[in-house]
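Before any comments, here is the structure.
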Amino acid sequence: TIGAGSLYNLSITASGSGSPFRVPHTGSGNGVVINTFSGTGSAISAQSNNATTISAFAFGTGYGASLASTGNIGMYASTTSGVAGVAVDVNPSSTNTSQTILQLKRYTSGTAANNIAGRIEFITEPASGTVDVTSGFIESGWEDATFATRKSFMGLYTTFNGSTTRKANLSSSGQWTWD
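Put into structure tokens, the structure is as follows:
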């Protein structure tokens with residue numbers, strides 16, 4: 617048992633089956649908080665061979681895992697031989713309804729205005745080997761950001777001769793614009 621307070625340089629090694637580190641938590645607040653305040657490392661680094669590295673479950677209305685960043689990326693997933701970097705499953709009992717599988721949220725610290733948008737960006741390595749190069753994106757936002765009269769749009773962007781620009785846009789009225 618580890619009591620409240622600070623614990624530094626904890627290393628847990630286990631072999632066999634079972635959970636080497638478990639924190640049962642029934643109160644309010646957080647069961648485990650891990651902070652990295654300076655440096656360039658990771659707050660948590662977990663590795664596994666042929667097993668689930670980190671499992672997080674929420675029974676009730678809370679989040680199974682909550683990740684946040686005030687700097688750059690809140691969550692990063694990578695694989696060198698898997699099918700997908702991230703897989704999302706939803707398994708309701710309904711058999712003939714539409715179910716939200718993924719929500720992507722765009723907020724602002726100011727007041728939202730017309731043309732505020734969020735995007736799914738596709739990064740693809742070119743023949744030069746340069747990393748983090750945008751090959752295209754899908755964008756969705758508000759033509760009219762006023763709540764009572766809100767109207768959205770969806771745009772498709774591709775890269776041609778090194779420049780990523782909009783190629784198609786679907787307006788809230790259903791009109792397609794081909795650029």
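If you use the numbering used here, the sequence shown corresponds to residues 617 to 795, in order. Even glycine gets a Cβ: it sits at the ideal position worked out from N, Cα and C.
### Message
Quick check on this structure: which residue in Thr686, Tyr773, Thr774 and Thr765 has the alpha carbon closest to the alpha carbon of Ser725?
### Response
In the sequence shown, residue 725 corresponds to position 109, counting from 1. With distances taken between Cα atoms, Ser725 lies closest to Thr686.
#### Entry: Proximity to Thr715 [Cα-Cα], best of Gly678, Glu759, Val704 and Leu683
By 1-based counting over the sequence shown, the position of residue 715 is 99. The sequence given here has Gln at residue 715, not Thr. That would be Val704, whose Cα lies nearest to the Cα of Gln715.
### Task
Might you give, ordered along the chain, the residues of its own chain that have their beta carbon closer than 6 Å to the beta carbon of Ala784, omitting 5 neighbours on each side?
Locating residue 784 in the sequence shown gives position 168, where the first residue counts as 1. So the list reads Leu772 and Trp794, once near-sequence residues are dropped.
#### Entry: Cross-strand partners of Ser779 (DSSP beta bridge)
As a working note, residue 779 is residue 163 in the sequence shown. Ser779 is bridged to Phe776.
### Task
Taking 8 Å as the cut-off, decide whether the C-beta atoms of Arg722 and Ala729 are in contact.
For the purposes of this step, residue 722 is taken as the residue at position 106 of the sequence shown. For the purposes of this step, residue 729 is taken as the residue at position 113 of the sequence shown. One thing to note: Arg722 has its Cβ no nearer than 8 Å to the Cβ of Ala729.
### Task
Can you tell me which of Gln791, Thr781 and Ser709 puts its alpha carbon nearest to the alpha carbon of Thr750?
Numbered from its first residue, the sequence shown carries residue 750 at position 134. Among Gln791, Thr781 and Ser709, the Cα nearest to that of Thr750 is on Thr781.
### Message
Taking the straight line between their C-alpha atoms, what separation do you get for Phe738 and Ser709?
### Response
As a working mapping, residue 738 is identified with position 122 in the sequence shown. As a working mapping, residue 709 is identified with position 93 in the sequence shown. If you take the alpha carbons of Phe738 and Ser709, they lie about 33 Å apart.
### Message
Could you compute how far the alpha carbon of Thr727 sits from the alpha carbon of Ser697?
### Response
To locate residue 727, count along the sequence shown from 1; it is residue 111. To locate residue 697, count along the sequence shown from 1; it is residue 81. Approximately 43 Å between the Cα atoms of the pair.
### Message
Rounding to the nearest angstrom, what Cα-Cα distance links Ala681 and Ser779 in this structure?
### Response
Numbered from 1 along the sequence shown, position 65 holds the residue referred to as residue 681. Numbered from 1 along the sequence shown, position 163 holds the residue referred to as residue 779. About 37 Å.
### Task
Put Ala797 into one of helix, strand or coil per three-state DSSP.
Look at the range of the chain in this structure, 617 to 795, and you will see that residue 797 is not part of it.
### Query
Given a threshold of 16 other Cβ atoms within 10 Å of its Cβ, counted over all protein chains shown, does Phe776 qualify as buried or as exposed?
If you number the sequence shown from 1, residue 776 lands on position 160. By the neighbour-count rule (16 or more Cβ atoms within 10 Å), Phe776 is not buried but exposed.
### Query
Span of the beta strand (DSSP E) holding Thr793?
Position 177 of the sequence shown, counted from the start, is the residue given in the question as residue 793. From DSSP, the beta strand (DSSP E) with Thr793 extends over Trp792 to Trp794.
### Task
Measure the C-alpha to C-alpha separation of Phe769 and Ile717 and round it to an integer number of angstroms.
If you number the sequence shown from 1, residue 769 lands on position 153. If you number the sequence shown from 1, residue 717 lands on position 101. In this structure, the straight-line span from the alpha carbon of Phe769 to that of Ile717 is close to 21 Å.
### Query
In whole angstroms, what is the alpha-carbon distance linking Trp792 and Leu683?
What you label residue 792 is simply residue 176 of the sequence shown in a count that begins at 1. What you label residue 683 is simply residue 67 of the sequence shown in a count that begins at 1. When the Cα atoms are used, Trp792 and Leu683 turn out to be separated by approximately 37 Å.
### Task
Express the C-alpha separation of Gly752 and Val702 in angstroms, rounding to a whole number.
Taking the first residue of the sequence shown as position 1, residue 702 is located at position 86. Taking the first residue of the sequence shown as position 1, residue 752 is located at position 136. Going by the C-alpha atoms only, they are around 19 Å apart.
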